[in-house]
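2 protein chains.
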Amino acid sequence: MNLKELAAELHLSQTTVSRALNGYPEVSEKTREIVLAAAQRFGYRPSPAARRLATGRAHALGVVFNAERNAFMDPLFVEYLAGVAETSAKEGFDILISPSTPRDEIVSFGRLARDGTVDVVILSAPQVTDARIALLSELKFPFVVHGRPPAPAGISYIDIDNFGAFQQATSFLIQLGHRRITLINGEEHFTFAQDRSRGAAIAFAAAGLPNDLLDEHFMSMTAENAYRCARQALESDARPTAILCGSILVALGVLRAAAELGLEVPRDLSIVAHDDEMPAFPAEQFHPQLTTTRSSIRAAGARVAEMALARVAGQKPGAVAEVWPVQLIVRGSTAAAPEKV
Amino acid sequence: MNLKELAAELHLSQTTVSRALNGYPEVSEKTREIVLAAAQRFGYRPSPAARRLATGRAHALGVVFNAERNAFMDPLFVEYLAGVAETSAKEGFDILISPSTPRDEIVSFGRLARDGTVDVVILSAPQVTDARIALLSELKFPFVVHGRPPAPAGISYIDIDNFGAFQQATSFLIQLGHRRITLINGEEHFTFAQDRSRGAAIAFAAAGLPNDLLDEHFMSMTAENAYRCARQALESDARPTAILCGSILVALGVLRAAAELGLEVPRDLSIVAHDDEMPAFPAEQFHPQLTTTRSSIRAAGARVAEMALARVAGQKPGAVAEVWPVQLIVRGSTAAAPEKV
DNA sequence: CGAAACTTCCAAAGCGCTTTGAACGCTCGG
DNA sequence: CCGAGCGTTCAAAGCGCTTTGGAAGTTTCG
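Taken in sequence, the protein lines are chains A and B.
Here UniProt numbering is used: the first residue of the first sequence is 1, the next is one more, and so on.
Here UniProt numbering is used: the first residue of the second sequence is 1, the next is one more, and so on.
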């Protein structure tokens, strides 16, 4: 059943029926009720395609799914998506996943922005120089970002306090007596990796320690990379007594390296990992249970979707700039540094 | 620029331009070339919304994303989605994620099917009695399934050989001398869990062993659940010498339970896990490296998307019924059963 | 050479909705 | 008693595409 038929059934014009259904004020309460009741009764549902054509609004938000990158580094993506889904479901918004390879990610964004298949896009893991942000800004297409944009002015975003998290974690390790600390960070071009790097550095400076004791490595945060990196660090002469991990996956690799070298955690090696709360891989399920800096990526996804919807509803870009605190949770993978280094 | 303007620019009718662009035969090669060149030059892209309205085809495939379920049990979902994305990108199909909670999952499917926002849906993890399949069949809405439908007749699907995988894994353990084996399976209502159960049972029967030596547990396959289950089994009088795990996550929980009880893998306990190839958590990155039955969920995602597109193109439901073999890969988590049980 | 059969192109009618501009009936102040 | 003002409703014009049913122009063939 379509609008025309419904209108005919009610002996009303399409205009009135449409307005009644969409809550416009210029229709009397009485007829509105009649219309709503009839729509209910006939199971009328307006055609999204037609509405889209008529209004130019897609009633959908876009997420670019970079298959390569996500497959390797982002089991987080599901959690994040779950958050996005949560709020978009409330508003009846669809989520359009635009697949892409890293190479043509920018093309995907262009397509989304120009095609009108979505009203707004959510962009995650911003980079220090981010072509996607540049493109969307130029096209004047609405977007919000999850993570810290390199130049946050005029851009709505939500991020967690990566700086604070790693400063806190590093200070904590220093207080436990650790001096040589390895930081296994994400790739250098991500803003979050930069923030974490600064956080750790500041903690060293604050403790009056020379920052060459901080051994920092940037890489794609896979368990495999982390394993290699940890192995190398732990076999070197200047063996660290603690390792800061950018993610739970990194911790997995580090744990393996330690186990293979016969090092016991936390006796010989302390580990702190950042945990985005993947319910599938809870930090408590590792052995030993991991000390983490924790923040919910799902909640962040939900919030960023809210922002996206607000943006569609007319909110100014740059209206929201939230930085969520991160909590340090001490569990079993950290201990005082061993006596002799 | 829209079709009308483009046509005006070329001094041709919209009809001709539209046909030229869509490869219809009733337009001469010469004009087709001219049209294509002009479209290219002006950067013309037809409006998806308008096309959708006119044709009734959405040019999109739907995936219902059950946020609750996936968050806890399906980091696999990303991998799977990556596969789907891979092929749908080739055909320029969009992927519409329809969020839902377990409760109203069926509503989501109904909405997808009736709204015309997608042309076909992909359904995963079919259950023994599956309301979703029933609904879509009744609505005569095109769908394909990833996993084994309870009544496969007239339904296109692709599945991995869960039966064979667990038969093989179980036989392998029996050959190593294991007699008491615990199977930590998925929830009973999933067809894959049934298939795995049957596979293990057959292996016991084939070896002439009483099947009460097989201690089977159905549950949502989280690390936490697996941990509890393994802990209980390993502390019981009839302690198993081997545990079959439904997923890598399950193995994580089992490893923790073993570690806490001072059991060494594989000396005191052998572990075989099914591995859907999450690149984020490779079986090789565990310590010890896990013996697994392996199959690529990503490849399956890609294939099921192909089937979905074929379905849209007019292929009959039930035309495809593929069962992919699963390979047993022996690594470091299995060994001969300890001498005295 | 004229009818039949193609080939190539077009005008116009939708697809199902929103939204503009106008009309209709009423009330009300002057 | 009349026109202004208001609340309610409607007819019709899009939105940008596809597709039907011809209409020209070209070739084929008896």
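Note that CB positions come from ideal geometry on N, CA and C, so glycine has one too.
Top-ranked residue by Cα proximity to R57(A), from V17(A), L81(A), V120(A): Nearest option by C-alpha distance: V120(A).
Output needed for N185(A): all residues of its chain with C-beta closer than 7 angstroms, excluding positions within five of it in sequence on either side, in chain order. So the list reads A193, R196, S197, E216, H217, F218, G246, once near-sequence residues are dropped.
Is the shortest distance between the beta-carbon of G199(B) and the beta-carbons of chain A less than 8 angstroms? no
Compare the C-beta of F281(A) against all C-beta atoms of chain B and say whether one is closer than 8 angstroms. yes
Per-residue DSSP class, three states only, for A7(B): helix
Kindly list the residues whose CB is nearer than 7 angstroms to the CB of residue 343(A), restricted to its own chain and excluding five residues on each side of it in sequence; keep chain order. In this structure chain A extends from 1 to 341, so residue 343(A) is not present and cannot be described.
Look at the Cβ atom of P288(B), then the Cβ atom of A223(A), and state whether they are nearer than 8 angstroms. no
Taking all protein chains shown into account, do 16 or more other C-beta atoms lie within 10 angstroms of the C-beta of A337(A), making it buried, or fewer, making it exposed? buried
With P189(A) and V128(A) assumed to form a contact (beta carbons below 8 angstroms), what rounded beta-carbon distance in angstroms separates them? The residue you asked about is not Pro; residue 189(A) is His in the sequence shown. Contact holds; Cβ gap of about 5 angstroms.
Say whether chain A places a C-beta atom closer than 8 angstroms to the C-beta of I160(B). So no, I160(B) is outside the interface.
Span of the beta strand (DSSP E) around E322(B): In the DSSP assignment, E322(B) falls within the beta strand (DSSP E) that extends over 321 to 324.
Write down the C-beta distance between Y227(A) and A203(A) rounded to the nearest angstrom, noting that I regard them as a contact closer than 8 angstroms. Y227(A) to A203(A), Cβ: 25 angstroms. No contact.
From this set, F143(A), L112(A), V323(A), which residue's C-alpha is nearest S47(B)'s C-alpha? L112(A)
Please work out which residues of its chain come closer than 7 angstroms, Cβ to Cβ, to V118(A), disregarding the five sequence neighbours upstream and downstream, and give them in chain order. A58, A60, L61, G62, L96, L112
Given this structure, state the Cα-to-Cα distance separating T55(A) from V35(A), to the nearest angstrom. 21 angstroms
Helix, strand or coil at D159(B) [DSSP, three-state]: Strand, per DSSP.
Going by beta-carbon coordinates alone, are A230(B) and G253(B) separated by less than 8 angstroms? yes
Who pairs with E91(B) in a beta bridge, going by DSSP? Beta-bridge pairing links E91(B) to no other residue.
Do I181(B) and L135(B) have their beta-carbon atoms positioned less than 8 angstroms apart in this structure? No, the pair does not count as a contact, with Cβ atoms beyond the cut-off.
Give the residues from the segment 265 to 296 of chain A that approach chain B closer than 9 angstroms (Cβ to any Cβ), ordered along the chain. M278, P279, A280, F281, P282, E284, Q285, F286, H287, P288, Q289
Helix, strand or coil at F42(A) [DSSP, three-state]: Taken through DSSP and simplified to helix, strand or coil, F42(A) comes out as helix.
Can you grab the Cα-Cα spacing for the pair M221(B) / L183(B), in whole Å? 12 angstroms
Could you name the residues of chain B that S88(A) contacts, counting a contact when the two beta carbons are closer than 7 angstroms? P99
Under 7 angstroms Cβ to Cβ from P152(B), same chain only, skipping five residues before and after it: list those, please. A321
Decide if N66(A) is buried, meaning its Cβ has at least 16 other Cβ atoms within 10 Å, or exposed. By the 10 Å Cβ count, N66(A) comes out buried.
With a threshold of 16 other CB atoms inside 10 Å of the CB of T292(A), please say whether the residue is buried or exposed. Residue environment: T292(A) is assigned as buried (16 or more neighbouring CB atoms within 10 Å of its CB, all protein chains considered).
Please report the Cβ distance between V84(A) and A305(A), rounded to the nearest whole angstrom; I am assuming they are in contact, meaning their Cβ atoms lie under 8 angstroms. 4 angstroms
Cβ distance (whole Å) where G318(A) is taken to contact S156(A) below 8 angstroms: 6 angstroms
For a test of the three-state rule: what should DSSP assign to V63(A), helix, strand or coil? strand
Determine which residues of the segment 23 to 50 of chain B have a Cβ less than 8 angstroms from any Cβ of chain A, and write them out in chain order. Under the 8 angstroms Cβ criterion, the segment 23 to 50 of chain B contributes R45, S47, P48, A49, A50.
Straight-line gap, D94(A) to D115(B) (C-alpha atoms, nearest Å): 12 angstroms
May I ask which residues mark the beginning and end of the beta strand (DSSP E) holding T293(A)? Segment 291 to 294, the beta strand (DSSP E) holding T293(A).
Taking the beta strand (DSSP E) that E260(B) falls in, what are its first and last residues? DSSP places E260(B) outside any beta strand (DSSP E); the residue lies instead in the alpha helix (DSSP H), whose first and last residues are 248 to 260.
For R267(A), which residues of its own chain have a beta-carbon under 8 angstroms away from its beta-carbon, when the five flanking residues on both sides are left out? A335, P338
8 angstroms Cβ cutoff met for L6(B) and A38(B): Less than 8 angstroms separates the beta-carbon of L6(B) from that of A38(B).
Reduced DSSP category for T15(A) - H, G, I as helix; E, B as strand; rest coil: T15(A) carries a helical assignment under DSSP once its states are collapsed to helix, strand and coil.
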